[in-house]
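Sequence lines, in order, name chains W and A. Residue numbering for the first sequence follows the numbering used here, beginning at 1 and increasing consecutively. Residue numbering for the second sequence follows the numbering used here, beginning at 1 and increasing consecutively. Glycine included, each C-beta is placed from N, C-alpha and C at the ideal position. All of these numbers come straight from a predicted model, not from anything done at the bench. Some notes on the structure that comes next.
There are 2 protein chains.
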Amino acid sequence: MSDLTSPWEMLSELIAAENSDEVIKFLDTLSPPETARTISRLTGEEQLRLLSLLSPEDAADVIEDIPETQAADLVEDMPSEQAAAIMGELTSDHLVDMLGEMDEDASRAILAKMDREDAEEARMFLEYAPDCAGGLMISEFLAYKLDDTIQDVLDDLQANRSKYVDYHVQYFYVVDRDKKLAGVLRMHDLLFPDRETALGQVMLSSPLSVSDKASLKALQEFFEEHHLFGVPVVDDGRRLVGVVLPSAIEEAVNKRKTKTFLRLSGIIGGEEFRTMPLLSRSGRRLSWLSMNIVLNIIAASVIALYQDTLAAAITLAVFLPMVSDMSGCSGNQAVAVSMRELSLGLVRPGELLWVLLKEARVGIINGLVLGLLLGGVAFTWKGNPWLGFVVGGALAANTLVSVLLGGVLPLVLKRLKLDPALVSSPLLTTVTDMCGFFFVLSFAAAVMPKLGGI
Amino acid sequence: MSDLTSPWEMLSELIAAENSDEVIKFLDTLSPPETARTISRLTGEEQLRLLSLLSPEDAADVIEDIPETQAADLVEDMPSEQAAAIMGELTSDHLVDMLGEMDEDASRAILAKMDREDAEEARMFLEYAPDCAGGLMISEFLAYKLDDTIQDVLDDLQANRSKYVDYHVQYFYVVDRDKKLAGVLRMHDLLFPDRETALGQVMLSSPLSVSDKASLKALQEFFEEHHLFGVPVVDDGRRLVGVVLPSAIEEAVNKRKTKTFLRLSGIIGGEEFRTMPLLSRSGRRLSWLSMNIVLNIIAASVIALYQDTLAAAITLAVFLPMVSDMSGCSGNQAVAVSMRELSLGLVRPGELLWVLLKEARVGIINGLVLGLLLGGVAFTWKGNPWLGFVVGGALAANTLVSVLLGGVLPLVLKRLKLDPALVSSPLLTTVTDMCGFFFVLSFAAAVMPKLGGI
Chain W
1 MSDLTSPWEM LSELIAAENS DEVIKFLDTL SPPETARTIS RLTGEEQLRL LSLLSPEDAA
61 DVIEDIPETQ AADLVEDMPS EQAAAIMGEL TSDHLVDMLG EMDEDASRAI LAKMDREDAE
121 EARMFLEYAP DCAGGLMISE FLAYKLDDTI QDVLDDLQAN RSKYVDYHVQ YFYVVDRDKK
181 LAGVLRMHDL LFPDRETALG QVMLSSPLSV SDKASLKALQ EFFEEHHLFG VPVVDDGRRL
241 VGVVLPSAIE EAVNKRKTKT FLRLSGIIGG EEFRTMPLLS RSGRRLSWLS MNIVLNIIAA
301 SVIALYQDTL AAAITLAVFL PMVSDMSGCS GNQAVAVSMR ELSLGLVRPG ELLWVLLKEA
361 RVGIINGLVL GLLLGGVAFT WKGNPWLGFV VGGALAANTL VSVLLGGVLP LVLKRLKLDP
421 ALVSSPLLTT VTDMCGFFFV LSFAAAVMPK LGGI
Chain A
1 MSDLTSPWEM LSELIAAENS DEVIKFLDTL SPPETARTIS RLTGEEQLRL LSLLSPEDAA
61 DVIEDIPETQ AADLVEDMPS EQAAAIMGEL TSDHLVDMLG EMDEDASRAI LAKMDREDAE
121 EARMFLEYAP DCAGGLMISE FLAYKLDDTI QDVLDDLQAN RSKYVDYHVQ YFYVVDRDKK
181 LAGVLRMHDL LFPDRETALG QVMLSSPLSV SDKASLKALQ EFFEEHHLFG VPVVDDGRRL
241 VGVVLPSAIE EAVNKRKTKT FLRLSGIIGG EEFRTMPLLS RSGRRLSWLS MNIVLNIIAA
301 SVIALYQDTL AAAITLAVFL PMVSDMSGCS GNQAVAVSMR ELSLGLVRPG ELLWVLLKEA
361 RVGIINGLVL GLLLGGVAFT WKGNPWLGFV VGGALAANTL VSVLLGGVLP LVLKRLKLDP
421 ALVSSPLLTT VTDMCGFFFV LSFAAAVMPK LGGI
């Protein structure tokens, strides 16, 4: 899998030799993920030197290949003049995403050195939340005036051919004198009418549009309902400010899923890459772990309360972690189903009762099956049926508790405007641990003479 | 949050009254997620009756609003003639996804009743893996012959205006007599040349294309490198067979993420919705849980081996689950980072050593910090420094073990062609539980006289 000389060692040598032609040639041989991997393995200094060896266009190409968080960190460390030149080469949505990842001082310094018009546009985009229509739209669209003729459009297309290559030209938008959205034309609407016709006469008036404040969810629904290749975005005054493409929506949903996945696994405060500095990786992981250690102490204190019971029937210690682990697993399944149903709109945050009823039935069946299984193992092992009842009964009871809790927790957290991905799992684990320990030890205390010092 | 009469109760009444006009009117008032929620709450019978009340077009609209798994289940239960009529109204990619979700008998029966041409096309699409270019492409594109003139294209566009509304007409494709892809034209390339010019003379020849077997990863890279609105897909003979849109790629990545998230949480064998039959929900959850119970028994057996040690220092029972839980959390963080880096191509499955080195440093720091914390708590509680050493030392050692294991596990599983999302977490938990129990109890056994019956 590993070459004799790794690509980053080769690149590192070319950078040291300041041989920019060779650097470009070498980068051209790499696919985007290879570029990302290679560059991430360079030292911070080498990365900076690499970008200053390249033209702004080439540097922007490199920047587009590496993950946004890393790219933003890198550009932040550059002289703002040089950073501005590179950022000016990015498409508007990419530029705004990058600026959004930086700290405010850095992004302000870069904007100050950028082309005035681009900077003003970027500042406008930056005012939007990243997940609303304003934050997801692109500014590369074509808009004409009501009294422009078809010939005017054709002339413009001809004159700006190269500039429009990256544009979204599935549709042409028509605006009135106040820049308000007046209509839309599909490309082939231009082909047939007389070329001197004004756009106002051939356009489709009062076209579909979305507000610049429309949420990601609303946009998803929009594209589910209307199979369009893009939708114009208007501000409060119905002025046309951008266009949202369906791929931008899917990308934003994707980003959200990644964030959810990482948070569920305890990676908080943004993405972690192993090329980041050791102390920041370690510190961010610790911040989540230390919260968990406190919750764990709370849960385990139940065992401390029942220490005498446990000492009298030490075998129970084998089953304590099993009961709490297994219930945690059952609860996490219910959490996952609830989070999925919430995100699809199949359940509303208020429908606690419906979820409880649905989970209760699964909890009872699965609790009985798992309880019989583990109770059977306990009975077989020690030959004491009461041990079987204690262990099996505790697992059955705790399975029910944890699927009920797991099912409603994401709904409740959503209502409280907390992030289910971040809070569900630690909270669930703590409660199911506590309850699991309590069930095993209190059931055992109740039948202690029958357990007889196992 | 809940209305006095829920939408599904209202819909249920309209269905019972067989009032199809009112049903359509009512469905029109619902957004797509509301439609999904409302329909999912109906009984299976009511759902079937609803679809038979609607025209195939309206039924197809409903089908598009509900999650694919549910839609496929529903259509499977319909008479195949009626199902075929509805499926014929779906776009090609949606149709193929649905057929792919059904069991083979059902999909074959439906295809047999469909329009012959549509069915043949669907069969061709079905032969592709769902995540390669062939499985992701659409058949709604425009292709013309080399000697067609621009006027021919314009005539065709004019004649088929309504049919082409949903088509991807950002580009026109040009094919030779053997249907091999010969060139591409952008819409505005048609605007300027003489209308009698043959397409072969104005097209861009040898355009970018992808193989029908190109992987999702390759397609992602393609669109990262080329900012296009679609790419033509060719088979082994370079014949044009479809077009892949960037939004289809993002959607497929999205689906994959959902699957990963669900599997990580123990929802296996496809999605679960709470409206599915109780026994299938319960059974699928149990199948994963029973594997876990076995792993749990294996892990807990370590405690059984050290029962005497534990009886001699019963306080340790409080710390056993804490040490194993905390290490599990640390390990899961490392798993998440590895899975993320693998999916971005920032690490290769072979780079075990690099990951081990990177994780070791985090593991040592975090192990020390967490060990000091928990060891301090143990010492303070019982006033016995040796208890602090045992507990803190065990947590430190086990944190290191679990981040190392968590870091490399996804890479190893990937090399073994196993699914990291499915296998990482149960395997990691088992090993970290075992090691955690072992560290606490063996350290304690080593210094037992110093612990002195705490």
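Beta-carbon separation of residue i and residue j under 9 Å?
{"i": "Asp-189 of chain A", "j": "Val-175 of chain A", "result": "no"}
{"i": "Ile-66 of chain W", "j": "Ala-36 of chain W", "result": "yes"}
{"i": "Thr-432 of chain A", "j": "Ser-327 of chain A", "result": "yes"}
{"i": "Leu-320 of chain W", "j": "Phe-437 of chain W", "result": "yes"}
{"i": "Val-323 of chain A", "j": "Leu-404 of chain A", "result": "no"}
{"i": "Val-369 of chain W", "j": "Leu-295 of chain A", "result": "no"}
{"i": "Phe-125 of chain A", "j": "Asp-93 of chain A", "result": "yes"}
{"i": "Leu-216 of chain W", "j": "Val-241 of chain W", "result": "no"}
{"i": "Met-339 of chain W", "j": "Pro-410 of chain W", "result": "yes"}
{"i": "Arg-161 of chain A", "j": "Trp-354 of chain W", "result": "no"}
{"i": "Asn-366 of chain W", "j": "Ile-454 of chain W", "result": "no"}
{"i": "Leu-142 of chain A", "j": "Arg-177 of chain A", "result": "no"}
Straight-line CA distance for residue i to residue j?
{"i": "Arg-263 of chain A", "j": "Pro-449 of chain A", "result": "46 Å"}
{"i": "Val-390 of chain A", "j": "Ala-445 of chain A", "result": "9 Å"}
{"i": "Leu-279 of chain A", "j": "Pro-7 of chain A", "result": "26 Å"}
{"i": "Gly-350 of chain A", "j": "Asp-419 of chain A", "result": "16 Å"}
{"i": "Ala-300 of chain W", "j": "Gly-331 of chain W", "result": "19 Å"}
{"i": "Glu-34 of chain W", "j": "Arg-348 of chain A", "result": "10 Å"}
{"i": "Ser-290 of chain A", "j": "Thr-315 of chain W", "result": "22 Å"}
{"i": "Leu-219 of chain A", "j": "Lys-255 of chain A", "result": "15 Å"}
{"i": "Gly-269 of chain A", "j": "Glu-140 of chain A", "result": "32 Å"}
{"i": "Ala-378 of chain W", "j": "Ile-293 of chain A", "result": "13 Å"}
{"i": "Tyr-306 of chain W", "j": "Ala-317 of chain A", "result": "11 Å"}
{"i": "Pro-232 of chain A", "j": "Val-243 of chain A", "result": "4 Å"}
{"i": "Met-1 of chain W", "j": "Thr-69 of chain A", "result": "Residue confidence for Met-1 of chain W is low, a pLDDT of 42 falling below 50, so the modelled location carries little weight; the figure read from the coordinates is stated next. About 39 Å."}
{"i": "Met-276 of chain A", "j": "Gly-283 of chain A", "result": "12 Å"}
Quick one: is residue i near chain A, going by C-beta distance under 9 Å?
{"i": "Lys-257 of chain W", "result": "yes"}
{"i": "Leu-346 of chain W", "result": "yes"}
{"i": "Met-326 of chain W", "result": "yes"}
{"i": "Trp-354 of chain W", "result": "yes"}
{"i": "Pro-420 of chain W", "result": "no"}
{"i": "Trp-288 of chain W", "result": "yes"}
{"i": "Cys-329 of chain W", "result": "yes"}
{"i": "Ser-2 of chain W", "result": "Reliability of the predicted coordinates at Ser-2 of chain W is poor, the pLDDT of 46 falling under 50, and the value obtained from them is presented with this limitation in mind. Yes, Ser-2 of chain W counts as interfacial toward chain A."}
{"i": "Asp-65 of chain W", "result": "yes"}
{"i": "Glu-101 of chain W", "result": "no"}
{"i": "Ile-86 of chain W", "result": "no"}
{"i": "Asn-384 of chain W", "result": "no"}
On a CA-only basis, which of the options is nearest residue i? Give me that one, please.
{"i": "Asp-58 of chain A", "options": "A:Met-87, A:Gly-345 and A:Ser-80", "result": "A:Met-87"}
{"i": "Glu-196 of chain W", "options": "W:Ser-215, W:Asp-21, W:Asp-236 and W:Asp-152", "result": "W:Asp-152"}
{"i": "Ala-109 of chain W", "options": "W:Leu-90, W:Ile-39, W:Ala-396 and W:Ser-80", "result": "W:Ser-80"}
{"i": "Ala-182 of chain W", "options": "W:Gly-237, W:Ile-267, W:Met-114 and W:Leu-111", "result": "W:Gly-237"}
{"i": "Leu-185 of chain W", "options": "W:Ser-206, W:Val-62, W:Ile-39 and W:Ile-365", "result": "W:Ser-206"}
{"i": "Ser-89 of chain A", "options": "A:Thr-69, A:Val-62, A:Met-78 and A:Leu-353", "result": "Per the sequence presented here, residue 89 of chain A reads as Glu, with Ser not at that position. Taking only the C-alpha atoms, the option nearest Glu-89 of chain A is A:Val-62."}
Quick one: give me the first and last residue of the alpha helix (DSSP H) that residue i is part of.
{"i": "Lys-25 of chain A", "result": "20 to 28"}
{"i": "Ala-159 of chain A", "result": "150 to 159"}
{"i": "Gly-242 of chain A", "result": "That residue, Gly-242 of chain A, is in no alpha helix (DSSP H); its beta strand (DSSP E) goes 240 to 244."}
{"i": "Pro-56 of chain W", "result": "56 to 65"}
{"i": "Pro-449 of chain A", "result": "448 to 451"}
Provide the residue span of the beta strand (DSSP E) that contains residue i, from first to last.
{"i": "Gly-183 of chain W", "result": "181 to 186"}
{"i": "Lys-145 of chain W", "result": "143 to 145"}
{"i": "Pro-33 of chain A", "result": "Note, Pro-33 of chain A: premise wrong, no beta strand (DSSP E); alpha helix (DSSP H) at 32 to 40."}
Report yes or no: is there a C-beta of chain W within less than 9 Å of the C-beta of residue i?
{"i": "Tyr-170 of chain A", "result": "What sits at residue 170 of chain A in the sequence shown is Gln, not Tyr. Yes, contact with chain W."}
{"i": "Phe-437 of chain A", "result": "yes"}
{"i": "Lys-358 of chain A", "result": "yes"}
{"i": "Pro-32 of chain A", "result": "yes"}
{"i": "Arg-238 of chain A", "result": "no"}
{"i": "Ile-267 of chain A", "result": "yes"}
Contact set between the stretch 181 to 210 of chain A and chain C, restricted to residues whose Cβ is under 9 Å from the partner: Note that chain C does not occur in the displayed structure, where the protein chains are W and A.
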